[in-house]
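Reading through the structure tokens given below for one structure.
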Ligand SMILES: CC(C)(COP(=O)(O)OP(=O)(O)OC[C@H]1O[C@@H](n2cnc3c(N)ncnc32)[C@H](O)[C@@H]1OP(=O)(O)O)[C@@H](O)C(=O)NCCC(=O)NCCS
């Protein structure tokens, strides 16, 4: 089982394993925001207990080695800006990420994604890092492109984004391999 670092440092960011106390900030910063969750697979959190439950799940899946979540903290002021996730499936790592709206467009997520890709592909057992995004989510597609991933497909009817509707939607699939 891969045992990834609990902390990554980039130029401007620290990615670290969440603690339960992060739930309050995650809730305030982005988990209730319908703009942020628009193209995600989950509905905005209605109450803080939803976010706490989510953070508990993050800690459990980390322990099980199924997926790893890191909160994204800005080093300059210690502010929690978002989260990045790697779901492990053998030699494949699937990334997911989210950032509070006030911090979009400053290159933060590209910086976080690049650091995780670099570490993952250094691991002998990891050959593929991939992710998907809704066709109508160009900011996410651009992050993947800037991080060196290649668009390899449109996965039709791939993902339900319940904030838009109940029907599965088409997704771009991006990957980087070694
Ligand atoms: C997607 C997301 C993580 C991007 O984070 P970010 O830190 O703003 O990303 P970056 O600043 O590193 O890069 C964003 C890029 O998208 C571009 N972009 C943003 N909105 C765009 C739009 N509507 N059309 C085209 N490009 C767009 C930006 O210009 C930038 O590219 P550039 O550097 O070439 O100018 C953030 O918008 C977010 O959290 N969205 C909600 C959650 C989400 O959709 N997560 C991904 C699910 S697949």
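In our numbering, the protein residues as written are 18 to 195. Ideal placement from N, C-alpha and C gives every residue a C-beta, glycine not left out. What you are looking at is a predicted structure, and each value in this text was computed from that prediction instead of being measured.
In this structure, the CA atom of residue 58 is about 26 Å from the CA atom of residue 24.
Residue 32 is bridged by DSSP to 25, 89. As summarised for the segment 66-130, there are no continuous alpha helix (DSSP H) elements at least 4 residues long confined to that stretch. It is roughly 28 Å from the alpha-carbon of residue 68 to the alpha-carbon of residue 189. The distance from the Cβ of residue 105 to that of residue 84 is about 6 Å, consistent with a contact at the 8 Å cut-off.
Here residue 171 is exposed, its C-beta having fewer than 16 other C-beta atoms within 10 Å. Under the DSSP assignment, residue 43 falls in the alpha helix (DSSP H) whose first and last residues are 40-43.
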